[in-house]
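Chains as they are written, first to last, in our numbering: chain C, 212 to 635; chain L, 212 to 635.
Quick reminder that beta carbons are idealized off the backbone N, C-alpha and C, glycines included.
Protein chains: 2
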Amino acid sequence: MTDAILQMGRQARAAAYRLAQLGSDQKNTILRAMAAALRHATPELLVANALDMAAAASRNLTPAMLDRLRLDEPRVEAMAAGIGQVATLPDPVGQIIGSWQRPNGIRIEQVRVPIGTIGIIYESRPNVTSDAAVLCFKTGNATILRGGSEAIHSNRAIAAALQAGGTAAGLPEHSIQLIPFTDRESVAVLAGMDRWLDLIIPRGGKGLIETVVSLARMPVIKHYEGICHLFADAHADLAMAVALTVDSKTQKCGVCNALETLLVHRDLAPGFLPCVAAALRAKGVELRGCDTTRAVLTDIAAATAADWRTEYLDLILSIKIVDSLDQAIAHINEYGSHHTDAIVTDDAATAGRFLREVDSACVFHNVSTRFADGGEFGFGAEIGISTDKLHARGPMGLRELTSYQYRVRGTGQTKGGKALSANG
Amino acid sequence: MTDAILQMGRQARAAAYRLAQLGSDQKNTILRAMAAALRHATPELLVANALDMAAAASRNLTPAMLDRLRLDEPRVEAMAAGIGQVATLPDPVGQIIGSWQRPNGIRIEQVRVPIGTIGIIYESRPNVTSDAAVLCFKTGNATILRGGSEAIHSNRAIAAALQAGGTAAGLPEHSIQLIPFTDRESVAVLAGMDRWLDLIIPRGGKGLIETVVSLARMPVIKHYEGICHLFADAHADLAMAVALTVDSKTQKCGVCNALETLLVHRDLAPGFLPCVAAALRAKGVELRGCDTTRAVLTDIAAATAADWRTEYLDLILSIKIVDSLDQAIAHINEYGSHHTDAIVTDDAATAGRFLREVDSACVFHNVSTRFADGGEFGFGAEIGISTDKLHARGPMGLRELTSYQYRVRGTGQTKGGKALSANG
Chain C
212 MTDAILQMGR
222 QARAAAYRLA
232 QLGSDQKNTI
242 LRAMAAALRH
252 ATPELLVANA
262 LDMAAAASRN
272 LTPAMLDRLR
282 LDEPRVEAMA
292 AGIGQVATLP
302 DPVGQIIGSW
312 QRPNGIRIEQ
322 VRVPIGTIGI
332 IYESRPNVTS
342 DAAVLCFKTG
352 NATILRGGSE
362 AIHSNRAIAA
372 ALQAGGTAAG
382 LPEHSIQLIP
392 FTDRESVAVL
402 AGMDRWLDLI
412 IPRGGKGLIE
422 TVVSLARMPV
432 IKHYEGICHL
442 FADAHADLAM
452 AVALTVDSKT
462 QKCGVCNALE
472 TLLVHRDLAP
482 GFLPCVAAAL
492 RAKGVELRGC
502 DTTRAVLTDI
512 AAATAADWRT
522 EYLDLILSIK
532 IVDSLDQAIA
542 HINEYGSHHT
552 DAIVTDDAAT
562 AGRFLREVDS
572 ACVFHNVSTR
582 FADGGEFGFG
592 AEIGISTDKL
602 HARGPMGLRE
612 LTSYQYRVRG
622 TGQTKGGKAL
632 SANG
Chain L
212 MTDAILQMGR
222 QARAAAYRLA
232 QLGSDQKNTI
242 LRAMAAALRH
252 ATPELLVANA
262 LDMAAAASRN
272 LTPAMLDRLR
282 LDEPRVEAMA
292 AGIGQVATLP
302 DPVGQIIGSW
312 QRPNGIRIEQ
322 VRVPIGTIGI
332 IYESRPNVTS
342 DAAVLCFKTG
352 NATILRGGSE
362 AIHSNRAIAA
372 ALQAGGTAAG
382 LPEHSIQLIP
392 FTDRESVAVL
402 AGMDRWLDLI
412 IPRGGKGLIE
422 TVVSLARMPV
432 IKHYEGICHL
442 FADAHADLAM
452 AVALTVDSKT
462 QKCGVCNALE
472 TLLVHRDLAP
482 GFLPCVAAAL
492 RAKGVELRGC
502 DTTRAVLTDI
512 AAATAADWRT
522 EYLDLILSIK
532 IVDSLDQAIA
542 HINEYGSHHT
552 DAIVTDDAAT
562 AGRFLREVDS
572 ACVFHNVSTR
582 FADGGEFGFG
592 AEIGISTDKL
602 HARGPMGLRE
612 LTSYQYRVRG
622 TGQTKGGKAL
632 SANG
């Protein structure tokens with residue numbers, strides 16, 4: 212198995228060199244062919260998925276996991292439509308980030324280029340096979356996909372359709388490879404082959420990410436949890452604070468940009484808490500509060516220390532009353548996951564301090580946390596939301612799947628032939 | 212020891228939050244105070260360095276290592292002058308990378324912010340203590356420094372001077388911390404504390420970098436070796452090809468952007484090889500060639516397979532004759548270290564293909580490889596030359612020591628209150 216995976220790595224590197232030379236039009240033609248092939252393969256995809264669903268039935272998967280695993284015609288159509296959409300997006304590769312001339316006459320260009328080879332390690336949702344491979348391909352990267360055992364038949368069928376459709380339209384061989392092994396050892400081999408893989412992106416639960424982080428020798432872009440906060444400041448508009456809290460918590464609660472902890476300034480609490488509690492309860496939200504909160508909302512459960520560090524992904528909200536902006540910021544920086552945090556206030560200076568001092572990828576003023584999303588940011592496509600600070604932070608679009616290169620042109624300049632440099 | 216290092220990590224995180232809020236003027240004032248303190252501490256630094264030099268004498272260090280370890284008045288002055296220079300550079304923190312408004316009215320700003328906390332693990336040269344800490348501070352990052360045992364007295368004295376001078380001018384406590392332990396275990400503790408360190412930059416030999424890469428849970432920016440190539444194309448100007456080869460190889464041979472392998476187009480070889488060999492030998496360079504090269508230069512040694520993967524850092528050059536541009540590109544992508552590679556040619560199309568298809572951080576046309584340098588690129592300061600593709604590639608200046616954050620301002624927008632989004 213190790214040799215087979217290393218061989219895929221060598222092949223991916225070779226494919227990456229060919230991919231880097233494709234023009235945008237060629238890539239878009241290939242993308243449209245992949246979309247058509249996926250639509251055409253719908254019957255095969257549904258048969259393959261039925262095998263996975265049958266195996267899942269004997270594995271005690273939760274209803275939510277079964278739903279993530281399931282393919283039907285609308286879901287296949289959504290995958291294919293997603294590919295067509297990616298074909299319409301601007302291609303960042305080849306873009307000149309900056310160019311300048313030095314006093315000695317050399318001319319420097321910083322140009323966007325593909326990263327090279329990207330490993331995607333993911334769980335359950337088979338559409339990741341298509342979504343991730345297509346975004347990596349659009350940006351000229353070769354991908355090695357390693358999905359979970361629960362979706363192996365579906366993943367194989369999707370990859371085969373993309374490869375067949377793409378190849379007929381000029382997709383370089385080995386641009387998109389799916390690892391046929393689903394054991395943990397295959398992750399270890401991938402994570403160790405930094406010669407062949409420039410980047411790994413794990414897509415899945417915290418356990419999977421932890422495993423990849425502890426094994427990987429190459430960079431990993433992590434999409435850890437979203438423990439998102441909303442701080443209702445003393446100078447918040449009451450109605451807006453209620454609306455944004457309810458939207459952030461309940462518009463969709465199982466996602467990383469949903470609200471998990473509500474912080475309330477003590478001066479706002481008496482008027483605000485009863486209103487927001489009523490609105491949240493009307494949506495079925497369970498509330499847990501600090502002692503001060505429970506002095507106002509006497510019938511809610513106590514939040515324990517663990518609550519402040521919990522991503523519920525469910526209709527549960529923890530509430531804490533704070534004495535000041537400083538205390539709100541300190542709580543978020545200490546207990547949050549540096550994903551997305553919002554303030555509701557009419558005071559511009561307070562908002563400014565919150566946006567500057569909260570150490571999160573997305574900091575929002577008078578906006579629902581649910582807008583932390585590549586689509587909402589206007590990126591057109593999203594490979595995920597990075598909780599890292601290096602390379603990519605927050606919503607990741609196509610641009611974040613590129614690197615850059617310095618291309619320098621001169622007329623024979625030598626270092627020895629010029630005046631002494633300080634950097635000698 | 213573990214607890215002490217973890218405590219330094221916690222302190223660094225707290226310091227980073229304070230550092231992120233300092234204005235550029237405040238930071239520059241602190242930098243000038245650190246420079247003055249370093250100058251003032253020259254006698255103490257020389258005493259401390261004498262202890263390291265005495266210990267080194269009994270340790271069988273090479274003359275080159277002893278030279279790297281040694282401090283004298285000009286070297287201390289150079290460190291202090293370097294700090295003064297950093298104070299004059301533009302501060303990237305707070306720069307708005309982009310800003311745009313969405314159809315729903317929310318306004319998005321992508322703003323440069325410090326990375327946070329950076330660990331620097333380095334060997335021998337004590338000036339790294341000052342250089343790295345100062346560049347990290349200028350960009351609002353807290354640093355934890357872990358130097359080698361051979362320079363521990365010098366490193367302590369330098370860090371103490373920077374801390375004392377800085378603190379008097381308002382440097383937040385724990386902004387610059389030096390780990391007093393120099394054993395391998397201390398590296399393992401640093402590499403494991405991804406909660407407290409956002410990034411590790413190892414500065415030293417391949418063995419050190421390998422160790423950090425295999426242990427680190429957080430991103431590592433690597434400065435691996437530079438196996439740099441120059442390709443003298445069939446359409447090269449002979450005199451320019453000779454001048455650039457000699458400069459790239461001999462202007463300073465112990466550095467990562469020096470030339471290690473010369474590739475020569477077979478059509479150029481008969482006229483070029485004797486000229487370049489004579490010029491290189493006049494500078495004392497030992498030549499090793501492929502069989503075809505040795506048919507022209509009959510008195511040189513044979514290059515073995517290992518030569519193509521060797522960073523000599525010495526007056527040695529391997530030479531290979533290739534049949535085509537394709538073969539040159541393939542050799543570089545296979546055997547090079549993706550650092551800096553140059554072509555000499557008068558043919559623009561050939562140069563264009565070389566620059567696009569060689570997968571290296573710096574690709575040069577008619578320029579000496581020795582210009583791959585932050586100073587030569589106009590960055591003002593350089594923390595190193597990254598051989599990674601993520602976050603920073605090639606010469607790294609201040610900008611590469613920053614991350615970014617999305618600051619979003621709205622007027623109460625909710626996701627549920629708007630038309631259905633495709634990314635919902």
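Per-residue contacts from residue i into chain L (C-beta, under 7 Å)
i                            : result
phenylalanine 348 of chain C : Per Cβ cutoff of 7 Å: no residues; phenylalanine 348 of chain C is ~17 Å from chain L at best.
isoleucine 438 of chain C    : Under the 7 Å cutoff, chain L gives no residues; its nearest Cβ is about 14 Å from isoleucine 438 of chain C.
Integer-rounded CB distance, given that residue j should sit under 8 Å from residue i
i                         : j                         : result
isoleucine 432 of chain L : histidine 602 of chain L  : 7 Å
glutamate 361 of chain C  : leucine 280 of chain C    : 6 Å
isoleucine 307 of chain L : glutamate 288 of chain L  : Their Cβ separation, rounded to whole angstroms, is 38 Å, which puts isoleucine 307 of chain L and glutamate 288 of chain L out of contact at 8 Å.
glycine 415 of chain L    : isoleucine 241 of chain L : Not quite, the Cβ-Cβ distance comes to about 28 Å (not below 8 Å), so this is no contact.
Local conformation of residue i per DSSP, three classes
i                         : result
arginine 229 of chain C   : helix
alanine 630 of chain L    : Bear in mind that the predicted position of alanine 630 of chain L carries a pLDDT of just 38, short of 50, making it too unreliable to give a figure here.
glycine 621 of chain C    : strand
alanine 513 of chain C    : strand
glycine 482 of chain L    : helix
glycine 635 of chain L    : Note that glycine 635 of chain L has pLDDT 37, beneath the 50 cutoff, so the model's placement of it is unreliable and no number is given.
tyrosine 435 of chain C   : coil
valine 457 of chain L     : helix
glutamine 462 of chain C  : coil
tryptophan 407 of chain C : coil
histidine 440 of chain L  : strand
Limits of the unbroken beta strand (DSSP E) element including residue i
i                         : result
methionine 607 of chain L : 605-607
aspartate 395 of chain L  : In the sequence as displayed, the identity of residue 395 of chain L is arginine instead of aspartate. No beta strand (DSSP E) contains arginine 395 of chain L, which is instead part of the alpha helix (DSSP H) from 395-403.
glycine 330 of chain C    : 328-333
leucine 280 of chain C    : Leucine 280 of chain C -> not in any beta strand (DSSP E); alpha helix (DSSP H) instead, spanning 274-280.
Per-residue contacts from residue i into chain L (C-beta, under 9 Å)
i                         : result
asparagine 260 of chain C : Chain L residues near asparagine 260 of chain C: none, gap ~23 Å exceeds 9 Å.
With 16 other Cβ atoms within 10 Å as the buried cut-off, status of residue i
i                         : result
lysine 494 of chain L     : exposed
alanine 559 of chain C    : exposed
valine 578 of chain L     : buried
alanine 447 of chain C    : buried
alanine 636 of chain L    : The displayed coordinates of chain L run from 212 to 635. Any statement about residue 636 of chain L would go beyond what the structure contains.
alanine 630 of chain L    : Confidence at alanine 630 of chain L is low in this model, with a pLDDT of 38, below 50, so its placement is unreliable and the value that follows should be read with caution. That one is exposed.
asparagine 352 of chain C : buried
arginine 224 of chain C   : buried
proline 301 of chain L    : exposed
glutamine 374 of chain L  : buried
aspartate 444 of chain C  : buried
threonine 504 of chain L  : buried
serine 632 of chain C     : At serine 632 of chain C the pLDDT is 38, less than 50, meaning the model places this residue with poor confidence and gives no usable figure here.
proline 314 of chain L    : exposed
methionine 212 of chain C : exposed
arginine 323 of chain C   : buried
Amino acids of chain C, ordered along the chain, whose beta-carbon sits closer than 8 Å to that of residue i
i                        : result
glutamate 284 of chain L : The contacting residues do not exist; glutamate 284 of chain L stays about 18 Å from chain C at best.
alanine 572 of chain L   : Gln616, Tyr617
Cross-chain neighbours of residue i in chain L, by beta carbon under 8 Å
i                         : result
isoleucine 329 of chain C : The premise fails here: isoleucine 329 of chain C is roughly 10 Å from chain L at the closest Cβ pair, so nothing lies under 8 Å.
tyrosine 228 of chain C   : Asn544, Glu568, Asp570
aspartate 458 of chain C  : Thr625, Lys626, Gly627, Gly628
Residue i Cβ short of 6 Å to the ligand MN heavy atom set
i                      : result
leucine 217 of chain L : Of ligands this structure carries none, so the ligand MN is not represented either.
N- and C-terminal bounds of the alpha helix (DSSP H) containing residue i
i                        : result
glutamine 237 of chain C : 235-251
proline 285 of chain C   : 284-299
alanine 445 of chain L   : No alpha helix (DSSP H) contains alanine 445 of chain L, which DSSP labels as neither H nor E.
aspartate 342 of chain L : 338-349
lysine 417 of chain C    : 417-426
serine 365 of chain L    : 363-379
valine 507 of chain C    : 502-507
glutamate 471 of chain L : Looking at the DSSP string, glutamate 471 of chain L is not in any alpha helix (DSSP H); the run it does join, the beta strand (DSSP E), is 470-476.
Neighbouring residues, chain A, relative to residue i (Cβ below 8 Å)
i                            : result
phenylalanine 392 of chain L : This model lacks chain A altogether; the protein chains it does include are C and L.
Under 9 Å by beta carbon: chain C residues contacting residue i
i                        : result
aspartate 342 of chain L : Result: empty, since nearest Cβ-Cβ is about 12 Å, beyond 9 Å.
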